[in-house]
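Novice: Okay, so the sequence shown: first residue is 1 according to the working numbering, each after it adds one. Just so you know, even glycine gets a beta-carbon here, dropped at the ideal spot from N, CA and C. Quick one: this structure, given as structure tokens, is what I'll be asking you about.
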Amino acid sequence: MRSVMSRLLLDREKPVKMQIYHWLKERIIYGEFAPGMILEKNELAHQLNVSPTPLREALILLKHDNFIDMVPNLHTRVKLIEVKRVEENAFIRAALEGAVVEQLALSGISKTVEKACQKLIDSQLGAFDKQDYASVFRFDLEFHHRLVDQLALDSLWDNLYANRAHLDRARQCSPVNVAGIRRSIEQHQQLLQLIVSGQVQPARELIKAHVWSVFDDLKQIAPEYLSRDH
1 MRSVMSRLLL DREKPVKMQI YHWLKERIIY GEFAPGMILE KNELAHQLNV
51 SPTPLREALI LLKHDNFIDM VPNLHTRVKL IEVKRVEENA FIRAALEGAV
101 VEQLALSGIS KTVEKACQKL IDSQLGAFDK QDYASVFRFD LEFHHRLVDQ
151 LALDSLWDNL YANRAHLDRA RQCSPVNVAG IRRSIEQHQQ LLQLIVSGQV
201 QPARELIKAH VWSVFDDLKQ IAPEYLSRDH
């Protein structure tokens, strides 16, 4: 599943390396820079109209996050999708979001949040009907973000978002799983209903199944994109 990414428009009043980092990371997650692809640094610097220094700093950050391999004086390559790392991300995300939905089912959510989440589900369905899967994914992110924000814990979403990056990459680099996408939207609807009705354990079990469904996508990814060593 791939989406067309916009060109990077640099804001020179903000740290350039972080803008480059996020731009490159999104391209890797969305599969535009495919697993195993060689990144030509000179070509990238020319395309982005930046000097080698901020680009190199951004690439170092991506290496730290396990998205690329850098071999000095040889090449910079997008890493293959590591099955064990996806499994680790799934475990962490299921634990964190399980705690989120459990707390929300216990404490309840505001009508404002409930309506916002329902609107996002409806938007997902509309995008799905148009086969606009990139928008489906964007609304998916917003749905989960909205639930997390209800808890008013400032760094929680940042941690969750960081620990779903390799999961999202696995989904985006797999062929479009229409049945899986539809099931995911249905699970959002069920999850919202379980939270509103205060059903703690069913909500937690559902979010676990929702997260671990990534392995249905992994089965469809081209073998040359995968690494089972970690």
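1) Along the chain, which unbroken stretches of the alpha helix (DSSP H) at least 4 residues long are found entirely within the region 77-135?
2) Just to confirm, are ILE38 and HIS75 a CB contact at a threshold of 8 Å?
3) Extract the residue ranges of the alpha helix (DSSP H) inside the region 153-205, only unbroken runs of 4 or more that lie entirely within it.
4) Should LEU147 go down as buried or exposed, given a rule of 16 or more other Cβ atoms within 10 Å for buried?
5) Ignore the nearest five residues each way along the sequence and tell me which others in ASP69's own chain have a CB closer than 6 Å to its CB.
6) Looking only at its own chain, which residues have a Cβ that is under 6 Å from the Cβ of SER184, when we skip the five neighbours before and after it?
7) Give every residue of the same chain whose Cβ lies closer than 6 Å to the Cβ of HIS210, excluding the five residues on either side of it in the sequence, and list them in chain order.
8) Just mark ARG228 as buried or exposed, buried being the case when its beta carbon has 16 or more other beta carbons within 10 Å.
9) Do the CB positions of PRO35 and TYR225 come within less than 8 Å of each other?
10) Does the distance from the CB of LEU61 to the CB of LYS41 come in under 8 Å?
11) Going by DSSP, what residue range makes up the alpha helix (DSSP H) through ASP217?
12) If we count the other Cβ atoms within 10 Å of its Cβ and call it buried at 16 or more, is GLY198 buried or exposed?
13) Taking the straight line between their C-alpha atoms, what separation do you get for ALA116 and SER51?
14) Beta-carbon within less than 7 Å of VAL16's beta-carbon, same chain only, minus the 5 sequence neighbours each way: which residues are those?
15) Assign VAL211 to one of three DSSP states: helix, strand, or coil.
16) Helix, strand or coil: which one does DSSP assign to VAL4?
17) Who are the near neighbours of GLU97 in its chain, counting only those whose CB is closer than 6 Å to its CB and skipping five residues on each side?
Specialist: Reading off the structure:
1) Qualifying alpha helix (DSSP H) stretches, in chain order: 83-107 and 111-129.
2) yes
3) 156-162, 165-172 and 178-196
4) buried
5) For ASP69, the CB contacts under 6 Å within the same chain, skipping 5 residues up- and downstream, are ARG77 and LYS79 in chain order.
6) none
7) GLN187
8) exposed
9) yes
10) By the CB criterion at 8 Å, LEU61 and LYS41 fall outside the cutoff.
11) 214-218
12) exposed
13) Between the alpha carbons of ALA116 and SER51 lies a gap of roughly 42 Å.
14) Answer for VAL16: LEU10, VAL50 and PRO54, listed in chain order.
15) Looking at VAL211 - three-state DSSP - the assignment turns out to be helix.
16) A caution first: VAL4 carries a pLDDT of 41, below 50, which makes its placement in the model too unreliable to give a value.
17) ILE207
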